[in-house]
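Under this note's numbering, the sequence shown is numbered contiguously, ending at residue 339. Backbone N, C-alpha and C fix where the C-beta goes; we use that ideal spot for every residue, glycine too. Here the structure is a predicted model, which means the values were calculated and not measured.
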Amino acid sequence: MSKESPEYLRTSLAAAMTLGFKNGLFYRDAKLFCINLLLTYDSGCAGNCGYCGLSMRRPGTYEDKSFIRVEWTAYKLTDIMERISENVDRVKRICLSMITNKRARKDTWEITKTLRQDLDIPISLLSSPTILDKSDLYRFKENGADMIGIAVDCATPHLFEKIRGKTVKGPHKWEKYWKYYEEALEIFGKRKAGVHLIVGLGETEREMIETIQKAYDMGGCTHLFSFFPECNSLLSQHPQPPVGQYRRVQLARFLIDEGISRIDNFSFDSFGKLIDFGILQDNLSSIIETGTPFMTSGCPGRDGEVACNRPYANCPPGPKIRNFPFPPEKEDIQKINKELWRR
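This is the structure:
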């Protein structure tokens, strides 16, 4: 039997566990506060992004493809909403993710409206600019979404074209994504739209931080991911970025998004590696000691704290955590301090 949107949505493994659809335990007792939902169609996604498990070029039927290296099982929207209503004390946000499929546009209107009517929980949309225009942003807001995410993913136009555009016979365009981000900020408001970026696709630290600064200067914020290869994708043999690289970019993103420092104050070596954050060492040490820069960056709940904390979405559960889904403990921060200055 076909399980397609709008009647069905796929949920992340973490969301399925949180809602009781699947059994399991989270490493170090992490808690998920945002239910991540994904539209689904038998015809799949038209994108051919080199790192993505949902790529048209990746072998296998669409319904069996993993996404961010984990299973996303389809459930009835009505069942998902019932489970969310039973867990309102722990669910702080819902994130509905589109795919590049022409049917997703109107279905996202409908699903957003249904969620908003029946659940008093903030809704984010991870949108697909390639199939949308400005009028859709107005519709999304009218139907109940309060935040918009734009998965630019690549830090430079060259990498975007190489990994997501014509080079891989993909439909996406760098200019379209940034224009849509600009329009989202205009309609939803300052800091109500965010850019997703993946560290480690071939950019330098300087290039990534320039893009983070651009997103901030336009009025929004950045949500970071550390590249982790998806089996059978075009980038399946591409290595993860060194942990030092990721930690430095995480700290730079925090300083920029919190208005503490800017790229103009940073220093880089001849390879584009970040070597100075442009603030007093005592102040920098105090910020590092909080552990906050190394926690998952995502949309907040009504309490202002990050709700979309995506436990272990870009690293296996275990000691090598890239995005902490909880406040790092003393031992974690000691390790982070060492990692920050590695190559």
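Q.
By the three-class DSSP mapping on this structure, what secondary structure does LYS72 have?
A. strand
Q. If you measure from the beta carbon of LYS186 to each beta carbon in chain C, is any gap under 8 Å?
A. Any reference to chain C falls outside this structure, which holds one protein chain only.
Q) Counting along the chain, where does the beta strand (DSSP E) carrying LEU33 start and finish? A) 30 to 34
**Q.** Spatial neighbours of PHE267 in its chain, beta-carbon cut-off 8 Å, leaving aside the 5 residues before and after
**A.** THR200
Q | Cutoff 7 Å; reference PRO167; Cβ partners in own chain excluding five residues on either side | A | ALA42, GLY43, THR96, THR126
(Q) By the three-class DSSP mapping on this structure, what secondary structure does GLY190 have? (A) strand
Q) Thinking C-alpha only, which one of ARG202, PRO289, SER120 is nearest ASN261? A) ARG202
Q. In terms of DSSP beta bridges, what is ARG224 paired with?
A. The sequence given here places Phe at residue 224; Arg does not occur at that position. According to DSSP, PHE224 bridges with nothing at all.
Q) Can you tell me where the alpha helix (DSSP H) with GLY240 in it begins and where it stops? A) 239 to 253
**Q.** Beta-carbon proximity of TRP105 to ARG6, cut-off 8 Å
**A.** no
Q) Between PHE17, SER263, GLY287, which lies nearest to PRO321 when the distance is taken from Cα to Cα? A) GLY287
Q: Provide the residue(s) that pair with LEU276 in DSSP beta bridges, ordered along the chain.
A: Its beta-bridge partners do not exist; DSSP assigns none.
Q | Candidates PHE273, LEU15, PRO315, SER282, of which the one nearest ASN205 by Cα | A | A quick correction: the sequence has Ile, not Asn, at residue 205. The residue with the shortest Cα to Cα distance from ILE205 is PHE273.
(Q) Excluding the 5 residues flanking LYS137 on each side, which residues of the same chain have their C-beta closer than 8 Å to its C-beta? (A) ILE183, PHE184
**Q.** DSSP bridge partner residues for ASP149 (one or two, in chain order)
**A.** LEU193
Q: Look at LYS88 and ARG298 and say whether their C-beta atoms are less than 8 Å apart.
A: yes
(Q) Which runs of the alpha helix (DSSP H) at least 4 residues long sit entirely within the region 97 to 176? Give them in chain order. (A) 100 to 114, 130 to 138, 153 to 160
Q: Output yes or no for whether 8 Å exceeds the beta carbon distance between SER229 and SER93.
A: no
Q. For ARG89, which of helix, strand or coil comes out of DSSP?
A. strand
Q: Give me the Cα-Cα distance between ARG99 and SER39, rounded to the nearest whole angstrom.
A: 10 Å
Q. What residue range is occupied by the uninterrupted beta strand (DSSP E) comprising THR14?
A. THR14 -> not in any beta strand (DSSP E); alpha helix (DSSP H) instead, spanning 9 to 14.
Q: Under 8 Å by Cβ, that's how I've got ARG339 and PRO238 pegged, so tell me the actual separation to the nearest angstrom.
A: 6 Å
Q: Go through the region 261 to 330 residue by residue and report every complete run of the alpha helix (DSSP H) that reaches 4 residues or more, in order.
A: 277 to 286
Q: Tell me, please, whether the region 114 to 122 touches the region 69 to 82 by the rule of three or more beta-carbon pairs shorter than 8 Å.
A: yes
(Q) Determine whether the beta carbon atoms of CYS304 and ILE159 lie at a separation below 8 Å. (A) no
Q.
In whole angstroms, give me the CA-to-CA distance for THR152 and THR207.
A. 8 Å
Q) Do the region 239 to 251 and the region 276 to 291 make contact, defined as three or more Cβ pairs closer than 8 Å? A) yes
Q) What is the residue span of the alpha helix (DSSP H) that ASP213 lies within? A) 201 to 214
Q. Going along the chain, which residues of its own chain have a beta-carbon closer than 8 Å to the beta-carbon of LEU155, five neighbours each way excluded?
A. LEU197, GLY198, GLU199
Q: Tell me whether the beta-carbon of ILE107 lies closer than 8 Å to the beta-carbon of ALA141.
A: no
Q) Short check: CB of GLN241 to CB of VAL195, under 8 Å? A) yes
Q. If we call anything under 8 Å between Cβ atoms a contact, is SER1 one with TYR23?
A. no
Q | Span separating the alpha-carbon of TYR58 from that of CYS227 | A | Unreliable positioning characterises TYR58 in this predicted model, as indicated by a pLDDT of 49, which lies under 50. The coordinate reading is nonetheless provided below. Cα-Cα distance, rounded: 14 Å.
Q | CB contact flag (CYS150, LEU122, <8 Å) | A | no
Q: Enumerate in chain order the residues of its own chain whose CB-to-CB distance from ARG306 is below 6 Å, with the five nearest sequence positions on each side excluded.
A: THR292
Q.
Is the separation between the beta-carbon of ARG243 and that of ILE252 shorter than 8 Å?
A. no
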